[in-house]
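Structure record follows, encoded as structure tokens.
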Amino acid sequence: MGVSVQAGSTMVSFKTMMTLDPRLPYKVLSTPESTPFLTAFMFAAAEFKVPAAAMHLLPMVG
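If you read the sequence shown in the working numbering, its first letter stands for residue 5, the second for the next number, and so on.
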């Protein structure tokens, strides 16, 4: 899956982990800021090989 990024565009990163076992390694996904959140969410589900319907968002500030 290729991503075309324009020069000077801002990237955002998401730290994703399996909350079932927080000791498992996590993944950091980076995407252009203009990427719809749902698209990044679906990609994260595919990376963990789980259905998107089984994923939950737990925001952590800090």
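All C-beta atoms, glycine included, are put in the ideal place defined by N, C-alpha and C.
Relative to the Cα of Lys19, the nearest Cα in the group Lys53, Ala44, Lys31, Phe52 belongs to Lys31. Exclusion of the five residues before and after Ala56 leaves Met46, Ala49 as the residues of its chain whose Cβ lies within less than 6 Å of its Cβ. Relative to Val54, the option among Ser13, Pro36, Phe41, Met21 whose CA is nearest is Met21.
Rounded to the nearest whole angstrom, the C-alpha separation of Leu24 and Ser13 is 34 Å.
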